[in-house]
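Here this note's numbering = 1-based position in the sequence shown + 15. Report on the structure given below.
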Amino acid sequence: MTLFQQLRKYVLEHKLNYTIVFIFMIISSAMSVAPTYILRLFIDAIVSKDFSVAVLTQYSSYFLLVIVLAYLADFIWSYYLFIGSYDLQKSFREKLMAHFLKMGAPFYHRFRTGDLLTRASEDVQVMGMTVGYGLMTLLNSSVFLAFVVGMMAITVSWQLTIIALLPMPILAYYIFKWGSQVDKKFTEAQDAVSQMNAEVLEIVDGLRVVRAFGLEGSTTKKFQEKTTATKDKNNEVSEIDSRFNPLITIVLAISFVLSFLGGAYLISQQKITVGAMVSFQVYLTMIVWPMISAGDLVNVMQQGVASFRRIYEVLSTGDLLEKEGTQTLAEVETITFEDFDFKYPEDTRLTLQQVDLTIKKGQIIGFVGKTGSGKTTLLRQFTHRYPYSSSVPLINGEKLTDYKTFDLRKQLAQVPQEHILFSRSIRENLLFGDENASDEKLLKSLQLASFDQEVLAMPQGLDTLVGEKGVSLSGGQKQRLSLARAFLRNSPILLLDDALSAVDAKTEAKIIENLKELPGDLTLLIVTHRLSAITKADQIFVLEDGAIVQRGTHESLIQTSGWYQDQYLHQQLKEDTLDV
């Protein structure tokens, strides 16, 4: 879809508003040129010595009436035009946010956060300017210009009009020549802004690391290079913009000289009156705004084309995930992987290979292994974050992709390794799990996560602000708040991805014990490095290089030589040493 197709679609959807805009633009244009014609009548009456108080009163009344009508018409069409501009921005922002919420992980691999923010803010604003100021200049450059030129040709002289407009093709040539350069330069400028915004977000997120390594100076220098590049790109756009007004001024000056010479000759031949000549000069000054608008129009439209292309690129880019199915999913009885392989979209090697396992409702399942063995990747397969490489996990004997996405997500509550907290209060973060939960229910979930006493000891309790990404909380507090939020969701399947790594062994044991208090027949999947978290698991899977190399209960695995036994003995020895 092109910008003009989008604008045509939008105008047709709001045709009543734009019909009003067009009608009152015509009225406004007519009323704007009418005072000049009344001025001509004034002058001709004075020259012909027909001027009187009655004539003055009559023409003054016409003049005041025209001014009032011009003001009202201008107000009406401007109002309906610019509310359309804000409405379009609102529509694009809603579409972009809906798209962001639907997209899976591969989409965010392609677009950086700062880039998406730039497209959803600055590019959308440019689109609003295109629909508002852009359409206004388009109408001014066409409707109003047509009225002015018509009045010049009809009420004064068509020969003089042609003479005055002779330099205009030169102006049109350069307007469109330079305008074509704006699109390219503006796209480069917006890309530079996107990169700069992405850099800002990364620096803010990694501020502690920057300070810890003493890299403030080099980071500032690198960021200055980004801002300089952005400034240079925008300067190039401004340089092209600055060419238009001087050219328009020169061309109009030539038109004035030609029209004055031609008008003087026509007066000497008694083909036009002095009043007509004066009105023609006024009409010519009225062409200045449409001509400047023509330059602005090309500039705005080219920027709009560039911004729309960037917005449409986001909206038309998918995440390559399989299309969701149509089957409903009331409950999960079994989850099965059969000879399952998986690799990330941009990777060439298999991250998971020949995985065979079955999980039944109500079981506690543990996934362990070395760092990079594929534990987190395996857990991600339950939530369908990436497209499947070959086979698809089975739920109740049917492909996971056969079910509705909403039904599937309703069955799952996940606590990932990255603890995503919003810069709001503890209460508001918890309410993501259950937006209708009472304070009593919130405190119960915090109790299950062994975090209730610490929250109650805070001055504002549940209303304590956690700061940007939970900056005011420790790592262990972030984990337990994330756990409490997942408990509130009350889903039948709970996925814990190393979610207890930042708490001590005693707190971990307490939380694991508290899980028994959760209602329903909970299926619990735990990825962990601390084996004490899965001693009660119904089945434990040991992964290495993406493959399951051991499976069994805790008791059976510690009796079998292999990674699990070695790790268990190592952790036991470490705990005994700490006790001493």
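The beta-carbon is built from N, C-alpha and C at its ideal position, and this holds for glycine as well.
With respect to A472, Q494 sits apart: the two C-beta atoms are not nearer than 9 Å. In the structure shown, I374 falls within a strand segment according to DSSP collapsed to helix, strand and coil. According to the DSSP assignment, V289 belongs to the alpha helix (DSSP H) that extends over V289 to M301. The alpha carbon of E339 has as its nearest neighbour, out of K456, H399, G319 and N212, the alpha carbon of H399. The residue among R324, R504, Q586 and M151 with its C-alpha nearest the C-alpha of S43 is M151. Residue pairing by DSSP places G319 opposite no residue, since no beta bridge is assigned to it.
The C-beta distance from V252 to A204 rounds to 5 Å, short enough to fall under 8 Å. Contact annotation, D512 with V542: C-beta distance approximately 5 Å; criterion of less than 8 Å satisfied. The segment 439–449 and the segment 404–415 do not touch, with fewer than three beta-carbon pairs separated by less than 8 Å. Less than 9 Å divides the Cβ of F162 from the Cβ of V48. Contact annotation: V139 and L111 have beta-carbon atoms nearer than 9 Å. Exclusion of the five residues before and after M118 leaves D334 as the residues of its chain whose Cβ lies within less than 7 Å of its Cβ. Setting aside the 5 residues that flank it on each side, F323 is surrounded in the same chain by L18, Q21 and M142, each with a C-beta closer than 7 Å to its C-beta; the list follows chain order.
By the criterion of a C-beta distance shorter than 7 Å, A244 is surrounded in its chain by A207, once the five residues flanking it on both sides are discounted.
Contact between F355 and L367 is confirmed by a C-beta separation of about 6 Å, below the 8 Å threshold. As far as DSSP is concerned, D130 takes part in no beta bridge. Assigned with DSSP and collapsed to three states, K30 falls in helix. Taking C-beta separations shorter than 8 Å and ignoring five residues to either side along the sequence, the partners of I549 in its chain run I379, G381, V383, I541, T543, I555 and H569, following chain order. Between A179 and L80, the gap from beta carbon to beta carbon reaches 9 Å or more.
Taking one beta carbon from each stretch, the segment 114–133 and the segment 166–186 have fewer than 3 pairs nearer than 8 Å; the two do not touch.
In the DSSP assignment, A428 falls within the unbroken beta strand (DSSP E) covering L427 to V430. Here the alpha carbon of Y77 sits roughly 20 Å from the alpha carbon of M40. Residue pairing of R566 in beta bridges, as defined by DSSP: F556. Annotation for R504: A428 and G448 place their beta carbon closer than 6 Å to its own, counting only its chain and skipping 5 residues before and after. Rounded to whole angstroms, the separation of the alpha carbons of D65 and T264 is 38 Å. Contact between V315 and T72 fails: their C-beta atoms lie close to 44 Å from each other, not under 8 Å. Looking at the DSSP output, F357 bridges to L367. One alpha carbon belongs to L477, the other to L436, and they sit about 14 Å apart. DSSP links T349 through a beta bridge to K375.
At a Cβ-Cβ threshold of 9 Å, L336 and P402 count as neighbours.
Judged by their CB atoms, K376 and T538 are nearer to each other than the 9 Å cut-off. Comparing C-alpha distances from R500 to each of S465, T386, T34 and A524 shows the shortest one belongs to S465. Exposed is the label assigned to V219, since fewer than 16 other Cβ atoms lie within 10 Å of its Cβ. Shown here, S465 sits in coil according to DSSP, grouped into three states, outside any helix or strand. Per DSSP, the continuous beta strand (DSSP E) segment holding D512 begins and ends at I508 to D512. Distance between K390 and Y418, taken at the CA atoms: about 24 Å.
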